[in-house]
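*Asks:*
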Amino acid sequence: MADKKRIVSGMRPTGPLHIGNLLGALENWAKMQDQYDCFFFIADWHALTSDYEDTRSIPKHIRNMMIDLLSGGLSPEKSTLFVQSHIKEHAELFLILSMLTPVSWLERNPTYKDQMAQISNKDLSAFGFLGYPVLQAADIIMYKAYGVPVGVDQVPHVEITREIARRFNHFYGKVFPEPEAILTETPKILGIDRRKMSKSYNNAIYISDSPDKIASTVAKMITDPQRARKSDPGNPDICNVFEFHKLYTDTETKDSINNECRTAAIGCVECKKIMAQNLITALEPIREKRKYYGDRPALVEDIITTGSNKARKVAQRTMEEVRAAVKI
Ligand code: TRP
Ligand code: SF4
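All letters in the sequence shown, in the order written, are residues 2 to 329 by the working numbering.
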């Protein structure tokens, strides 16, 4: 373990994981477990940045997210799995880092600017929302991570983390390495309405969905928008259903769908039924594990406690160094 490089990544517990999260993050994390010393956590304090007014569902989301993560292949034996708020040291480091982070860096942050421009149904004027990347920097450098597996949208936050680490080291001596973003390839699949798959668009397929639910969601998917009637030829190259076939359907069937779609020999209803069935089958092992962990809440609690205790030990050591460096 000692010679493995350490990586850290987190997810906000704002709802169940969907196929986009599975393909874009979780499957990747699961694969990285053998190669790296992995710290994966549920960023519940970060969930407050947008949802501080009503926190009632956060405990439920944390439990369900841990079940999703375990079912998607994360292993408490291989990785350190924990909940951010169980490690109070993150809050102390966040405070210290906030003292040395120029506000202009945060105001320039592209995700901040985008969300301020796009989101109108939530009040984002809070100090904590502006300081989101400072807390994220604390999460990452606390464990002296070498790398941070993230999607492209999070790269600016890792960049700010590097700048904050550099600035800390400049003032107080070298305590922190500068972490690298390890870019996760994001899947081409979209939500059922062809927008980015997202809980807030209500267009997602969740890994916890029942087979019936998956079938009915797939039935509602928008296909090739040019194909109005079954007798019209379709174009799989621009069809979201076909992107799913590329991931979940065997090559032979996929190739024949490709041809039959273009000659109108297959209709979208049938095509979707085949895809839904393959997707349901592919998610079967995850569904089974979800049931296993869902039936064992005490086990899930125990995994959270044990992982958080492991993470806390590392965090405590880092904070001793930080306090000695800062002299407070
Ligand atoms: N900001 C990340 C997201 O929304 C979640 C997150 C919080 C995170 N802290 C982190 C990711 C530290 C990587 C490392 O996806
Ligand atoms: Fe898409 Fe399949 Fe319909 Fe072709 S037949 S447009 S690939 S859903």
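All residues carry an ideal CB built from backbone N, CA and C; glycine is no exception.
In the DSSP output, which residue or residues are listed as bridge partners for V301?
*Replies:* Its beta-bridge partners do not exist; DSSP assigns none.
*Asks:* Could you tell me whether any non-hydrogen atom of the ligand TRP is closer than 6 Å to the CB of D38?
*Replies:* No, Cβ of D38 sits at least 6 Å from all heavy atoms of the ligand TRP.
*Asks:* With a Cβ-Cβ cutoff of 7 Å, do P17 and Y207 count as a contact?
*Replies:* Yes, these two residues count as a Cβ contact at 7 Å.
*Asks:* For the candidate residues H47, T224, R291, S309, whose alpha-carbon lies nearest to that of L131?
*Replies:* When only C-alpha atoms are compared, the closest one is H47.
*Asks:* Looking at the structure shown, is C240 part of a helix, part of a strand, or coil, going by DSSP?
*Replies:* Reduced to three states, the DSSP call for C240 is coil.
*Asks:* Sorry if obvious, but does the Cβ on G235 come closer than 6 Å to a heavy atom of the ligand SF4?
*Replies:* Checking the Cβ of G235 against the ligand SF4 gives yes.
*Asks:* Any idea what DSSP makes of R228, helix, strand or coil?
*Replies:* DSSP places R228 in coil when its eight states are reduced to three.
*Asks:* Mapping the DSSP letters down to three states, classify I20 as helix, strand or coil.
*Replies:* DSSP places I20 in helix when its eight states are reduced to three.
*Asks:* Let's see if you can read the secondary structure: which residues bound the alpha helix (DSSP H) around F130?
*Replies:* 128-131 is the span of the alpha helix (DSSP H), which, as asked, contains F130.
*Asks:* Output the residue ranges of the beta strand (DSSP E) runs that lie fully inside the stretch 139-176 and measure 3 residues or longer, sorted by chain position.
*Replies:* Counting only runs of 3 or more, we get 148-151.
*Asks:* What did DSSP end up calling M12 once you bin it into helix, strand or coil?
*Replies:* In this structure, M12 counts as strand in the three-state DSSP scheme.
*Asks:* Kindly indicate the opening and closing residues of the alpha helix (DSSP H) around L71.
*Replies:* Element bounds for L71: 59-72.
*Asks:* Taking all protein chains shown into account, decide if T162 is buried (16 or more other Cβ within 10 angstroms of its Cβ) or exposed.
*Replies:* That one is buried.
*Asks:* Heavy atom of the ligand TRP less than 6 Å from the Cβ of D251, yes or no?
*Replies:* No, since every heavy atom of the ligand TRP falls outside the 6 Å radius drawn around the Cβ of D251.
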